[in-house]
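Chains as they are written, first to last, in the working numbering: chain A, 1 to 285; chain B, 1001 to 1119. Glycine included, every Cβ here is placed at the ideal spot set by N, Cα and C.
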């Protein structure tokens, strides 16, 4: 009797699984969701609800894994780009060293007052992701600022009265200029540490390292998102594992209870007339 | 401009530090403490580790760039750093090319697929 009931239930489960699990691959998510909702009222489909839940958790874990792999791929590409930029920078620096002299581009040339020209803005999102973005100063004076500061046409033959008026002002102006020259601007372009007229290769090295700095901020952002995705994936796997063990336990309990019921059925005298007469051993038990 | 954002610190050999300082990341603060360390042949591991830890403790540093061969010397300190700020980026050096299998982040990601994670 119990065996028949069990076989019946298994058949029902298999039939329902065809409706609940397989359409997920062919139908859009919402459609399969409605199928599940329609079948909810049927008590025989409860086991299939568990199946669909497991299927959904697997799908979410798959999505997380794909995202994780995608992020890793982008990280690898960006890292390669950063590394090649750094190598290009070193090559240009070596070329500059070759033309300027070995000791002209070294740590001894650093200025005594250094101020950063690049900074990183860190934004923490609610989802736990951290975004790094660089900002560089635009007010940096370039090395090539040679020549007149005033724009437009200059008048060389000025009237005498204007020249006399300006003489007093010029003295003050020249004093200011000397003060300015003496002051060392800490925010000056680091190229000036290595001379006024630096070779082109040093400028190329600077450009390469500036790009590398911008990319390194992106790499830092990607690194944090990779770690976050990894944690999410780990949590998803753990949840899936606990659900699976729970499911196994419940099915084991069900099986045990069914077996118990089966044994009770066999022991009861009410069902004794179902047993064939040629099985005295069962009658005895 | 630079006052509001965070700094990029560099621990590396002379060429790496010079390059990134050319890029404009260098700073000497009021206490004359730099945000970079030029590692030479006679620089001790203790000094590197202390500098790394001091960079971690500073609130004004957002990213730490470190040569991978130097990171190998203080691997335990780098693996112990679990916060996302400051982010630690391992970069190649002239003598030692970048090896992804040594990178702490990629090693953590690789560890994702070990047998222990599926238990």
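For this session: Can you tell me which of the three DSSP states residue 1062 of chain B falls into?
Result: strand
### Message
Could you compute how far the alpha carbon of residue 1103 of chain B sits from the alpha carbon of residue 231 of chain A?
### Response
18 Å
Spatial distance of residue 112 of chain A from residue 84 of chain A (CA atoms):
31 Å
Show which residues of chain A have a CB atom less than 8 Å away from the CB atom of residue 1027 of chain B.
114, 115, 116
Next item on the list: For the stretch 115–132 of chain A and the stretch 210–227 of chain A, state whether three or more C-beta atom pairs, one from each stretch, are separated by less than 8 Å.
Entry: yes
Cβ closer than 9 Å: which chain B residues qualify as neighbours of residue 210 of chain A? 1022, 1023, 1024
Report task. Check whether the Cβ of residue 1057 of chain B lies closer than 8 Å to any Cβ atom in chain A. Result -> no
**Asked** residue 1042 of chain B to residue 125 of chain A, Cα distance in whole Å?
**Response** 42 Å
request  = Give the range of the beta strand (DSSP E) segment to which residue 106 of chain A is assigned.
outcome  = It is not in any beta strand (DSSP E) - residue 106 of chain A carries neither H nor E in the DSSP assignment.
Between which residues of its own chain and residue 236 of chain A is the CB-CB distance below 8 Å, once the five residues before and five after are set aside?
57, 60, 61, 64
Exercise for the section: Assign residue 260 of chain A to one of two classes, buried (16 or more other C-beta atoms within 10 Å of its C-beta) or exposed (fewer than that). Expected result: exposed
Q) Of all the options B:1046, B:1072, B:1026, B:1014, which has the alpha carbon lying nearest to the alpha carbon of residue 1100 of chain B? A) B:1072
**Request:** From the DSSP output, read off the bridge partner residues of residue 1006 of chain B.
**Result:** A:120
Exposed or buried, which one is residue 1007 of chain B when buried takes at least 16 other CB atoms within 10 Å? buried
Check your understanding: Helix or strand or just coil, what does DSSP make of residue 61 of chain A?
Key -> helix
**Study point:** Selection from A:202, A:263, A:86 that minimises the alpha carbon distance to residue 98 of chain A
**Key:** A:202
Item checked: Length of the line joining the Cα atoms of residue 100 of chain A and residue 219 of chain A -> 34 Å
* Asked: Is the number of C-beta pairs between the stretch 248–263 of chain A and the stretch 1043–1057 of chain B that are closer than 8 Å three or more?
  -> no
Distance between residue 221 of chain A and residue 1063 of chain B (C-alpha atoms, nearest Å): 10 Å
task = With a floor of 3 residues, list each beta strand (DSSP E) that falls wholly inside the stretch 191–247 of chain A, ordered by position along the chain.
result = none
With a CB to CB cut of under 8 Å and the five nearest residues on each side skipped, what residues in its chain are close to residue 1074 of chain B?
1045, 1048, 1049, 1052
With H, G and I counted as helix, E and B as strand and the rest as coil, what does DSSP make of residue 1070 of chain B?
helix
Quiz item: Hey, is residue 245 of chain A's beta-carbon within less than 8 Å of any beta-carbon in chain B?
Solution: no
Would you list, in chain order, the members of the stretch 1064–1092 of chain B that have their beta-carbon closer than 7 Å to a beta-carbon of chain A?
1065, 1084, 1085, 1087, 1089, 1091, 1092
DSSP-derived helix/strand/coil call for residue 136 of chain A
strand
Review point. Does the beta-carbon of residue 206 of chain A have 16 or more other beta-carbons within 10 angstroms, so that it is buried, or is it exposed?
Key: buried
query = Checking contacts by CB at 8 Å: is residue 1011 of chain B closer than that to chain A?
reply = no
* Quick one, which of B:1096, B:1094, B:1065, B:1105 has its alpha-carbon nearest residue 1079 of chain B's? -> B:1105
- prompt: What is the DSSP secondary structure of residue 1038 of chain B, reduced to helix, strand or coil?
  reply: strand
| field | C-beta contact flag for residue 117 of chain A and residue 1024 of chain B at 8 Å | value | yes
Against chain B, does residue 91 of chain A count as a neighbour if the rule is that its beta carbon must be under 8 Å from one of theirs? no
Suppose you measure from the CA of residue 189 of chain A to the CA of residue 1017 of chain B; what does that come to, to the nearest Å? 16 Å
- prompt: Considering only residues of the same chain and omitting the five flanking positions on each side of residue 121 of chain A, which have a CB-CB separation below 7 Å?
  reply: 133, 135
Along chain B, in chain order, which residues have C-beta atoms closer than 7 Å to that of residue 220 of chain A?
-> 1063, 1087, 1089
| said: Quick check: is the beta carbon of residue 1105 of chain B nearer than 8 Å to any beta carbon in chain A? | reply: yes
Handout entry: Integer-rounded CB distance, given that residue 215 of chain A should sit under 8 Å from residue 105 of chain A
Key = That pair is no contact at about 23 Å.
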